[in-house]
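Below is one structure, written out as structure tokens, with a few remarks after it.
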Amino acid sequence: MKNRRWAERLGAVAAVVALGQPALASTAHADIHPLDNGGFELGAAGWRQSSTVPGYRPIGNQPSPAAHSGTWKAVLGGHGVGADTVSRTFTVPAFASTRVSYWLHVEDPRSGDRGFRQLVVALTSEDGVTYASDSFTNKDWTERYERRELTLPDGFVAAVPRQLTLTFLAAEGVGNHHPFLVDDVDITTTVRLQL
Ligand SMILES: [Ca+2]
3 MKNRRWAERL GAVAAVVALG QPALASTAHA DIHPLDNGGF ELGAAGWRQS STVPGYRPIG
63 NQPSPAAHSG TWKAVLGGHG VGADTVSRTF TVPAFASTRV SYWLHVEDPR SGDRGFRQLV
123 VALTSEDGVT YASDSFTNKD WTERYERREL TLPDGFVAAV PRQLTLTFLA AEGVGNHHPF
183 LVDDVDITTT VRLQL
């Protein structure tokens with residue numbers, strides 16, 4: 003009886019080899035979008051914002067300059083001097099890769115502004131390590147909103163959920179009156195499953 007079971011098993015293996023179809027593991031992935039109000043149409047709900055200019059709040063719905071969609075957006079800089087920030091903390095699931103997209107308009111500085119301004123976009127973990135960042139200056143001006151992406155390196159992927167903060171920081175010197183405009187922020191965390 004025992005020999006018969008072994009024979010059956012060997013037969014099964016032989017059948018797989020004969021067919022040339024090794025048993026392949028299949029995978030699936032699930033995209034999660036943990037960010038709501040990425041287009042700021044609910045105002046500052048879910049976001050933190052600050053400015054060195056007393057009373058100024060970067061998230062607003064002024065008709066000019068225009069938003070990428072809707073009427074609300076983040077307007078960072080454009081005061082002539084100072085710094086503005088808009089940030090958001092979210093949770094990255096275990097074993098998930100993460101990418102951020104947003105629409106950025108760096109306003110045309112050709113009207114005579116000569117000072118320096120910079121926008122830094124950063125993804126930072128709860129222990130203060132910046133895993134991905136990008137930066138733009140007044141020389142990166144564009145005619146219209148353009149889509150930008152930031153992807154976390156594989157080194158951030160962990161076996162437990164982790165907190166991550168997305169920050170937009172604009173700093174400028176004297177002579178800048180054209181802001182950085184940010185709208186329609188989206189975060190995608192992708193969990194890959196071995197089936
Ligand atoms: Ca908007």
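For the sequence shown, the working numbering begins at 3 and goes up steadily by one.
Every residue, glycine too, gets a C-beta built ideally from N, C-alpha and C.
Owing to the predicted nature of the structure, the values given are computational and were not obtained by experimental measurement.
| Query | Result |
| --- | --- |
| Within 10 Å of its beta-carbon, does His-70 have 16 or more other beta-carbons around it, so buried, or fewer, so exposed? | buried |
| Going along the chain, which residues put their C-beta within less than 7 Å of some heavy atom in ligand 1? | Gly-41, Phe-42, Glu-43, Ala-69, His-70, Ser-71, Gly-72, Thr-73, Trp-74, Lys-75, Asp-185 and Asp-186 |
| Residues in its own chain within less than 6 Å of Trp-74 by CB, not counting five upstream and five downstream? | Phe-42, Glu-43 and Asn-63 |
| Does the Cβ-Cβ distance between Thr-126 and Thr-93 come in under 7 Å? | no |
| Is the stretch 76–89 touching the stretch 50–67 in the sense that three or more CB pairs, one from each, lie closer than 8 Å? | yes |
| Can you check DSSP and say which residues form a bridge with Val-184? | Ala-76 and Leu-106 |
| Along the chain, where does the beta strand (DSSP E) containing His-31 start, and where does it finish? | 29–34 |
| What's the C-alpha gap between Asp-110 and Val-187? | 22 Å |
| Under 6 Å Cβ to Cβ from Ala-85, same chain only, skipping five residues before and after it: list those, please. | Thr-54 and Ala-173 |
| Note down the Cα distance separating Gln-23 from Pro-181, rounded to an integer number of angstroms. | Its pLDDT being 48, under 50, Gln-23 is placed unreliably by the model, and the measurement read from it follows with that caveat. Approximately 59 Å between the Cα atoms of the pair. |
| Which one of Val-123, Thr-139 and Pro-36 has the shortest CA to CA distance from Thr-132? | Val-123 |
| Please state whether DSSP places Phe-158 in a helix, a strand or coil. | helix |
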